[in-house]
Structures are given as structure tokens and as C-alpha cells.
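So the sequence shown is residues -21 to -1, 1 to 355, counted in mature numbering (1 follows the signal peptide of the UniProt record, and there is no 0). Idealized CB from N, CA, C, for every residue including glycine.
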Amino acid sequence: MRKIFLLVAAAALLMSCGGGAKVKVSNPLKIARTNETVEISWQEVQSKVSDATPENIVVIAPDGTQQPSQVIYNGGTEPQALIFQATVPGNGSETYTLQTGRRETYPAQAFGRFVPERMDDFAWENNLIAHRMYGPALEATGEISNGIDIWLKRTDSLIIDKWYAPGFNYHADHGEGLDCYKVGRTLGAGAMAPYTKDSLWLGNNYIRYKVLDNGPIRIAFQLDYAPFLADTVLVTERRTISLDANTHFNRITEEYAGDFDNLKVAAGIVTRGAGGKVLDILNKPIKMVGYWEPLNTDNEPDNGHTTIGLVFPCEIKVETRLGHLLGSTTIPQGKPFTYQMGAGWSKSDVPTPEAMTQLIFDQSLKSENPLIVTVK
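Encoded structure:
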């Protein structure tokens, strides 16, 4: 009897130490999915790995190495999910393992922060692109803008702290990229606004920020805006933005509140006139738009071309008017609306309009056919 007990105990110990939970990630598309984020609720993590904590949960890749992962808190104090990035061939699958162990130190590939030293900017980036939004200190100077800015990159390194350092001129390209994108009183690179009475109703600079998660894989944050008039209706706005490593596309969730049942809104890309090009991706039903900017010659004869794309979860109406390429829809009161915005640069990894067109199309396709995750 003692021998049987010891054998059972040893088998149980072996199972608890060696196996962990298997995560099968399947790709329903023909195209390969490379470094794409997989998200598992923390409740499911703990149901499969009972002794898991944010400090000891690790992900093991198919080759046996530890895969970088991040515990997601969504701005709270308790873990909400675990994310990691999977690479899966077209119409194929890969199996990862969840287990407890010593978490390695993962280099950050996504980061953001409040920048009080530069008039309350909020800046964020990943290894491919960077952005910023404008805050209350800048508004106090009379410069008002709630559009999205782009910092163009051709380095995998995170550059926000370096570029904001005293004496550094980020409007010139020192080999890593630059800020040559102009926002002004526009939607810039894909911001959203109420769109009624043939007008865009823009809020002012953000008044509050909250960081929800901050690397190494995902930066997520909220920006709140003071009430503003959309025609005769007073509305409030909250933007929740997240950017994962290894993608050009941000997820932007807009929440509007006010005395309305339904609100027509538009996300827009500011257009630049001669030399700009609306990308030919108007597949039916229309759920995406893209724009290729003219050659930028600010301070230099050739700063390359900036390009922006928007991907929507529903059919939209596309117009080029009011100085923007617009994608509009109607949203109900109190219902968040999430779309995606991505930007690239001809001097980095999006060299042509055709490359950006494909990038936008693939992003829409992936969004409608997410990776299938099964945890056992």
C-alpha cells in the first residue's frame, strides 16, 4: 500500500511540475500571423495553473524558450489577463505552455508616458511607430489640438525619452526618424469627432490621463476631454488607446456622453493637397480607408512619405471633405466604439502606397478572423 501511495504521489508531483497548461493557437487564415498578440483572461490562467501569480507565470514557446509575456491590469490593482505574442503559419497552429517559474526580464517593446517637460504631451510608442497627444499646458498657451500626432521611426529602439531630452531636435532626422507630421486644429492621424450638420466638432486638448498598462508588450491609457459642443449638444469624450508591440495599428475606443440617442461620428485623416493619394482599398462593404501623404520637405529636401490607415468594425461612409479623408458611422448613446489606426513611413518598413494598402487590408482581415486560442 505504501509503495502504491508513493507512486501516485510521484506521478502527481511530476504532472504539477512538468506539464502546465497547453495553449493551442490556431490561425484560420492562409496568411501567416507573426508576433500577434494572444490574450487569455486571468481567471482562465488561474483555473488551468492554480498556483499562478503575476510574479511567477511564464509562457514557454514551441521551441522550449521562455516567451515574453505581460500581465494586464486595465488600470486596476488586480490582474485581468495575460498576453503574449504568437507566430503561427497560415492555416496552421502552434502550441505554447503556461507554467510557473522564474520570469525573465523582457525588453520593453511598448511604452508611454505623460511628458510634463513638454507642455503636458502624452506620448506612446512601440518598436515600429510613435505618437503623441496634446495636453492642458499647451492649451494654456493658446495652441489647441486634439488630433493624433505621429513620430516616424526607423529603429526598433524606444525613442521617447531620448527625443524629449533637453537640446534634442526631433524635427530633424538623426538616423532614427523624426517628427515632421503637422496636426494643428485637425483630426491629424485618425482621431474621431462628432460629425453633424456637415461639420466636424472638435474638442480641445485632453484634461486628464490615466495609464492602464505599460509594457513590455502593450501600452494602454485613457484620455478625458472637457465637455464641448457638437452643434447644440454638449458632449463629453473619453479615448482609450492601446498599442501592442510589432504592429502599426492602435486600438482606439471612443466613448461619448450627452443628451442624444445616436451620434454621427467620423474618424479622419488630414489631407495635404497635391501629391497626396487616397489608397484604393474601397472593398465592399467599405470598412477601411488609407492615405499616402505627399513628400515631406520640412527642413530637408526629402523626409519621405507618411501614410495612415483606419480599420473599422462596421461598414462606413467614406468622404474626402473638410480637409480630411473621413470614415463616418453612427453610434448609440453610452456605447463604446472601437476602431484601429495605423501609421507608417516610406523610409522605414512601408516603402510604397501598395505596401500600405496591403498592410491595411491584412489588418482588417486579421481583425475579422482572430487567432483561435484554446487552453487545456
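Asked, Found
"Among residues of its own chain, excluding the 5 on either side of K296, which ones have a beta-carbon nearer than 6 Å to its beta-carbon?", "S307"
"Alpha carbon to alpha carbon, what distance is there between R81 and G182?", "46 Å"
"Drop a sphere of 10 angstroms on the beta-carbon of T211, count the other beta-carbons inside from all chains shown, and report buried for 16 or more, exposed for fewer.", "exposed"
"Which residues mark the beginning and the end of the alpha helix (DSSP H) in which F340 is found?", "332 to 347"
"Taking buried to mean at least 16 other C-beta atoms within 10 Å of its own C-beta, is E347 buried or exposed?", "exposed"
"Rounded to a whole number of angstroms, what is the C-alpha to C-alpha distance between K345 and T120?", "42 Å"
"Closer than 8 Å is the cut-off here; do at least three beta carbon pairs connect the region 161 to 177 with the region 327 to 341?", "no"
"Spatial neighbours of Y85 within its chain, please: CB distance less than 6 Å, with the 5 preceding and 5 following residues excluded, ordered by chain position.", "P47, P195"
"Sorted by chain position, which residues of the same chain lie with C-beta nearer than 6 Å to V67's C-beta, five sequence neighbours on each side aside?", "V4, N6, R12, E73"
"Within a Cβ cutoff of 6 Å, which residues of the same chain sit near V190, ignoring the five residues on either side of it in sequence?", "F200"
"Which first and last residues belong to the beta strand (DSSP E) in which L77 is found?", "72 to 79"
"Taking the C-alpha atoms as reference points, what is the distance between A168 and T285?", "10 Å"
"Does the separation of the CB atoms of R197 and A89 fall below 8 Å?", "yes"
"Across the region 108 to 125 and the region 57 to 71, are there enough close Cβ pairs to call them in contact, namely three or more that are closer than 8 Å?", "no"
"Applying the criterion that 16 or more other CB atoms from any shown protein chain within 10 Å of the CB defines a buried residue, is H303 buried or exposed?", "buried"
"Nearest CA to the CA of W130: which residue from I123, N105, E118?", "N105"
"Going by other Cβ atoms of all chains shown within 10 Å of its Cβ, with 16 needed for buried, is G(-2) buried or exposed?", "buried"
"Over what stretch of residues does the beta strand (DSSP E) that includes D203 continue unbroken?", "197 to 209"
"Determine which residues share a DSSP beta bridge with W130 and list them.", "A109"
"With 16 other CB atoms within 10 Å as the buried threshold, where does C293 fall?", "exposed"
"Among G69, R300, G55, which residue has its Cα nearest to the Cα of L8?", "G69"
"Quick test of your reading: Y204 and I231, contact by CB under 8 Å. State the CB separation rounded to the nearest angstrom.", "Not really, about 13 Å apart at Cβ, beyond 8 Å."
"How is the alpha helix (DSSP H) around S26 delimited, first residue to last?", "21 to 27"
"My output table needs one value for A224: the three-state DSSP class, helix, strand or coil.", "coil"
"Expressed to the nearest angstrom, what Euclidean distance is found between the alpha-carbon atoms of K355 and V28?", "10 Å"
"Below 6 Å CB to CB, which residues in the same chain sit around D240 once its five sequence neighbours on both sides are set aside?", "Q312"
"Can you look up L117 in the DSSP assignment and give me helix, strand or coil?", "helix"
"Using 10 angstroms around the beta-carbon of F147, count the other beta-carbons present and answer buried if the total reaches 16, otherwise exposed.", "exposed"
"How is the alpha helix (DSSP H) around K141 delimited, first residue to last?", "139 to 142"
"Name the two residues that bound the continuous beta strand (DSSP E) containing Q64.", "60 to 67"
"Label N262 either buried or exposed according to how many other C-beta atoms from any shown protein chain fall within 10 Å of its C-beta, with 16 as the threshold for buried.", "exposed"
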